[in-house]
Each structure stands twice: as C-alpha cells, then as structure tokens.
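With the sequence shown counted from 1, adding 8 to any position gets you this note's numbering.
Take a look at the structure set out below.
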Amino acid sequence: MPVPPFTAVVDTLPETVPFVGPEAIERKTGIKTRARIGANESVFGPSPKALQAIRDNADTVWSYGDPENYELQHALAAKFGVSPEEITIGEGIDGLMSWVVRLFIAPGDKVVMAAGGYPTFIYHVSGYGGELHYVPYMRDHEDPIALASKAREVGAKMVYLANPDNPMGTWWPAETIQAFIDAVPEDCVIVLDEAYGECAPDGTMPAIDTSRANVLRMRTFSKAYGLAGMRCGYAIGNARLTRAFNRIRNHFGVTRLTQAAALAALQDEEHLNWALASIDASRERLYAIAKDNGLEPIPSATNFVTIDCMRDGAFAKAVLDALAEQGVFIRKPGSPGHDRCIRVSCGPEREMDIFAQALPLALKQAQGVA
Ligand SMILES: *Cc1c(COP(=O)(O)O)cnc(C)c1O
C-alpha cells in the first residue's frame with residue numbers, strides 16, 4: 009500500500025520527545041512530584057502584576073493576539089535602546105531557534121556548537137538537515153574561541169553559544185564573548201543564547217550592537233521572569249536579521265495573554281530584582297547542600313546549579329532516579345564528560361529543604377546500585 013512519503017530530512021529523524029517531563033514520570037511511576045526543580049522554571053513564580061494581566065485579559069481569549077506584538081516589541085526596544093524593528097518576538101527562545109535555523113540552514117549546511125550544549129538547538133538543526141560540527145567543552149565551560157575557529161575551519165553558516173551556559177551553569181565575561189563575536193566570520197550567523205542573562209553577574213553580557221550583521225541575542229521570559237508556561241522569548245539584532253523572521257514565523261504564535269503577561273512582567277522590575285535575589289540565595293543553598301554531601305557544585309550564573317557527583321554517568325543517573333522515587337524532579341546532563349553531574353533548579357526554601365532531605369538517602373541508594 010502506498011503511503012504519503014515524508015521529506016528526505018524528516019524520514020531520517022527519530023520520533024522522540026527529547027524532554028521527559030515530571031508529568032510523564034508521574035504517569036509512569038505513580039509517584040507524585042513534591043519538588044519540581046528540574047527544568048529551570050522559576051519556582052519563585054512571575055510578577056503578581058503579570059498574573060493580574062492574565063486575569064484581566066482572560067475574557068479576550070476568543071481573539072488572536074496582535075500579530076505584530078506591537079506593545080511588547082516597543083517596550084523591549086525602549087528597554088534596550090534599540091529600534092523596534094531590531095526586536096523579534098516568538099514562542100520562547102525554542103520557537104525562535106526553529107525560525108532562525110529555517111532562515112539560514114538548508115540540508116548539508118554546517119552549524120557549529122559545543123558538544124553537550126543545549127539539546128533543543130540540535131533538535132532544530134537536525135530538523136532542517138543541517139550538519140552539526142561539535143567543539144569540546146573546556147573545563148565545564150563552552151569554549152568561545154574554539155567555537156569561532158571551528159566555524160571558520162568548516163565554513164559554518166551558523167554558530168551557537170549559550171552564555172551563561174545550560175547544562176553546566178558556567179559563564180564568560182563580556183570581553184570573552186566580544187572576542188568570540190569578533191572572531192566569527194561575518195557571514196556566519198551567531199546565535200548567542202542569553203536565556204539566563206538576567207541571573208548572571210554584571211559584566212557578563214556584552215553591549216548590544218545591532219550594527220553587527222550576523223549577531224542575534226536571544227532572551228526569554230521563561231527563566232528569571234517566571235513565565236515558562238506562557239511561551240515568550242525575543243531576539244535582538246540587526247534589522248536585516250530580525251525582520252527576516254516575518255517571512256516565516258508563526259504570526260499568531262504569541263497569544264494575547266502571553267503578550268499581556270510579558271509586558272506586565274517587563275514593567276515590574278521590583279519583582280525581577282526580588283526573584284534574582286531569591287535565585288542568588290537558592291544557589292548558595294544548593295552549593296552548601298552539595299558540599300554537605302561530599303559533592304562538588306559547579307559555580308553557576310544561572311537559576312540552577314550543576315553538581316558534580318564525583319563518579320561516572322551511571323552513578324549520577326542512579327542519584328537522579330533515587331531522587332525521583334522520593335518525588336524530587338531534577339535533570340542531568342547526558343553527554344560524555346558532563347554526565348557525571350546532576351542539574352538542580354533554584355527554588356524557595358520549601359523545595360530546597362525537600363532536596364536537602366532527599367539527597368543523602370538518594371546517594372546511599374545510588375552507591376548500592378552503581
Ligand atoms: C530554558 C532555555 C531555553 C528555552 O527558553 P524558552 O524561551 O522557554 O523557549 C533556551 N535556551 C537555553 C540555554 C535554555 O536553558
């Protein structure tokens with residue numbers, strides 16, 4: 009029987025959901041999640057003003073959102089001192105990543121990133137048939153200069169760097185990132201993922217320069233702003249790049265509720281500062297919990313802490329599984345060299361207490377298994 013053929017690229021792709029969510033774990037094990045500290049969502053929650061904006065706009069859900077995201081785009085432009093057309097808004101950084109890959113990558117085009125870097129980027133590049141070239145991490149940091157050299161060496165059309173990084177939480181100062189930008193060939197698009205930029209120390213993000221024809225800075229309302237479920241991110245860059253998204257983006261992808269919530273969150277700096285201070289305190293708590301248990305926390309500029317479990321990947325996986333059995337949802341990096349670690353998101357005292365209480369038993373159980 010003839011069947012409708014997929015495209016040549018899609019034909020080769022695996023049919024997987026790359027992220028196993030806590031909901032799937034609950035369905036599978038029947039164990040209720042007590043602490044949801046695995047996906048780097050902000051357990052501290054969004055601005056109360058964003059929640060009020062969602063309530064105030066609930067009656068408008070019969071209508072599509074503004075396809076131009078006008079108000080949010082203009083508010084972001086004012087905040088960053090760029091022109092509105094130098095901002096594009098989409099369904100989270102993940103959504104924007106799909107569009108930027110579609111804009112530039114045809115089957116066989118070369119793309120450079122760190123081996124073990126953000127998996128969603130790999131997912132999108134593979135989805136358009138791009139050819140990935142990987143550069144190893146350097147002592148748990150993405151290696152900016154090696155990424156730039158590799159981009160030059162293979163003639164890459166795109167290079168990806170997250171600063172601060174996920175899954176390791178490490179970061180580089182602005183000067184290093186600027187040197188990276190300067191070293192990448194001008195015809196190679198730089199996707200600079202700053203999903204955790206707000207959480208990082210001052211001096212981490214280079215000045216925004218939209219005159220560079222090849223740089224896109226990606227930011228999100230999902231992490232520090234606490235709106236992961238609303239799906240809203242934005243890219244800042246040269247107008248030739250940001251305007252190009254209009255050729256292919258999903259114009260009604262950002263809902264009216266999302267637009268209202270993001271705008272309110274952006275205007276509530278007091279809440280953002282409170283969330284950032286809370287993240288800071290939680291990071292310190294996670295460092296202490298790790299050390300109390302003989303593990304080595306990796307210093308982080310994000311809203312999570314990656315913890316070296318000091319043994320192999322099987323051991324770290326056993327720790328993660330044993331925590332899941334106690335209803336504690338965390339994640340871990342999967343790539344060789346990083347898989348010795350677990351990754352724990354920041355959260356309020358309640359979640360930190362649950363983690364602190366569950367970890368010793370999980371380590372004991374893991375020692376029996378792996
Ligand atoms: C969480 C995360 C994202 C996803 O952000 P969304 O705006 O929710 O799509 C992108 N990049 C990195 C590095 C992340 O950790």
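Every residue gets a Cβ at the ideal spot worked out from N, C-alpha and C, and that includes glycine.
How is the beta strand (DSSP E) around Leu265 delimited, first residue to last? The residue given as residue 265 occupies position 257 in the sequence shown. Per DSSP, Leu265 belongs to no beta strand (DSSP E); it is in the alpha helix (DSSP H), Arg264 to Gln275.
Could you name the residues of the same chain whose beta carbon sits closer than 8 Å to that of Asp347, not counting the 5 residues immediately before and after it, in chain order? In the sequence shown, the residue the question calls residue 347 occupies position 339. Excluding positions up to five away in sequence, the list reads Asp320, Gly321, Ala324, Lys325, Lys340 and Pro341.
Under 8 Å by Cβ, that's how I've got Leu140 and Met121 pegged, so tell me the actual separation to the nearest angstrom. Residue numbering aside, residue 140 sits at position 132 when the sequence shown is read from its first letter. Residue numbering aside, residue 121 sits at position 113 when the sequence shown is read from its first letter. That pair is a contact at about 7 Å.
Is the separation between the beta-carbon of Ser157 and that of His132 shorter than 7 Å? Start at 1 with the first residue of the sequence shown, and residue 157 comes out as number 149. Start at 1 with the first residue of the sequence shown, and residue 132 comes out as number 124. Not a contact, by the Cβ cut-off of 7 Å.
For Pro305, tell me which candidate among Pro152, Ile350 and Tyr78 has the shortest Cα-Cα distance. Mapped onto the sequence shown, residue 305 falls at position 297. Comparing Cα positions, the closest option is Ile350.
Taking the continuous alpha helix (DSSP H) assigned at Arg225, which residues delimit it? For this step, residue 225 is matched to residue 217 along the sequence shown. Judged by DSSP secondary structure, Arg225 falls outside any alpha helix (DSSP H) and instead within the beta strand (DSSP E) spanning Val223 to Thr228.
Limits of the alpha helix (DSSP H) - the one that Val212 falls within: In the sequence shown, counting from the first residue as 1, residue 212 sits at position 204. The sequence as given places Thr at residue 212; Val does not occur at that position. Thr212 -> no alpha helix (DSSP H), and no H or E assigned at all.
Helix, strand or coil at Glu49 according to DSSP, with G and I counted as helix: Counting from one through the sequence shown, the residue named residue 49 turns up at place 41. Glu49: coil per DSSP, three-state reduction.
Along the chain, where does the alpha helix (DSSP H) that runs through Glu31 open and close? The residue labelled residue 31 in the question sits at position 23 within the sequence shown. Residues Pro30 to Thr37.
Pick from Gly234, Ala247, Leu249 and Ser230 that is closest to Gly241, judged by C-alpha positions: Here residue 241 is taken as the residue at index 233 of the sequence shown, counted from 1. It is Ser230 whose Cα lies nearest to the Cα of Gly241.
May I ask which residues mark the beginning and end of the beta strand (DSSP E) holding Lys380? Since the displayed the chain opens at 9 and closes at 378, residue 380 lies outside it and no answer follows.
Pair within 7 Å by beta-carbon distance, Ile45 and Glu359: In the sequence shown, residue 45 corresponds to position 37, counting from 1. In the sequence shown, residue 359 corresponds to position 351, counting from 1. Yes, the pair counts as a contact, with Cβ atoms nearer than the cut-off.
Between Tyr142 and ligand 1, is the CB less than 6 Å from at least one heavy atom? Indexing the sequence shown from 1 puts residue 142 at position 134. No.
Spatial distance of Ser286 from Ala364 (CA atoms): Sequence index remark: in the sequence shown, residue 286 carries index 278 (1-based). Sequence index remark: in the sequence shown, residue 364 carries index 356 (1-based). If you take the alpha carbons of Ser286 and Ala364, they lie about 17 Å apart.
Beta strand (DSSP E) runs wholly inside the region 138-167, at least 3 long, in chain order: 139-143
The alpha helix (DSSP H) that contains Arg251, what's its start and end? Numbered from 1 along the sequence shown, position 243 holds the residue referred to as residue 251. Residues Ala247 to Ala252.
Which one or two residues does DSSP pair with Lys231 in a beta bridge? Here residue 231 refers to the residue found at position 223 when the sequence shown is read from its first residue. DSSP output for Lys231 lists no bridge partner at all.
Would you check if there are 3 or more beta carbon pairs closer than 8 Å linking the region 123-131 to the region 165-184? yes
Quick test of the definition: if touching needs 3 or more C-beta pairs under 8 Å, does the region 58-66 touch the region 268-280? yes
Candidates Cys317, Leu274, Ala283 and Ala215: which alpha carbon is nearest Leu80's? As a working note, residue 80 is residue 72 in the sequence shown. Answer by Cα proximity: Leu274.
DSSP-derived helix/strand/coil call for Ser134: Position 126 of the sequence shown holds residue 134. Three-state result, Ser134: helix.
Output needed for Ser71: all residues of its chain with C-beta closer than 7 Å, excluding positions within five of it in sequence on either side, in chain order. Here residue 71 refers to the residue found at position 63 of the sequence shown. Result list for Ser71: Arg264, in chain order.
Taking the alpha carbon of His115 as the reference point, which residue from Ala164, Ile95, Glu99 and Glu94 has its own alpha carbon closest? Locating residue 115 in the sequence shown gives position 107, counting from the first residue. In the sequence on display, residue 115 carries Pro and not His. Considering only alpha carbons, the answer is Ala164.
So the alpha helix (DSSP H) Lys57 belongs to, where does it begin and stop? For the purposes of this step, residue 57 is taken as the residue at position 49 of the sequence shown. Where Lys57 is concerned, the enclosing alpha helix (DSSP H) stretches over Pro56 to Asp64.
As a quick check of your reading: which residues have a C-beta less than 5 Å from at least one non-hydrogen atom of ligand 1, in chain order? Taken from the N-terminal end onward, the list reads Gly100, Ile101, Asp102, Tyr126, Ala170, Asn174, Asp201, Ala203, Thr228, Ser230 and Gly241.
Could you round the C-beta distance between Val109 and Tyr136 to whole angstroms and report it? I think they count as a contact, below 8 Å. Along the sequence shown, one-based indexing puts residue 109 at 101. Along the sequence shown, one-based indexing puts residue 136 at 128. Yes, they are in contact, since the Cβ atoms of Val109 and Tyr136 sit about 5 Å apart, within 8 Å.
Pick out the complete beta strand (DSSP E) segments inside the region 92-126, 3 residues or longer, and give them in chain order. 95-98 and 118-122
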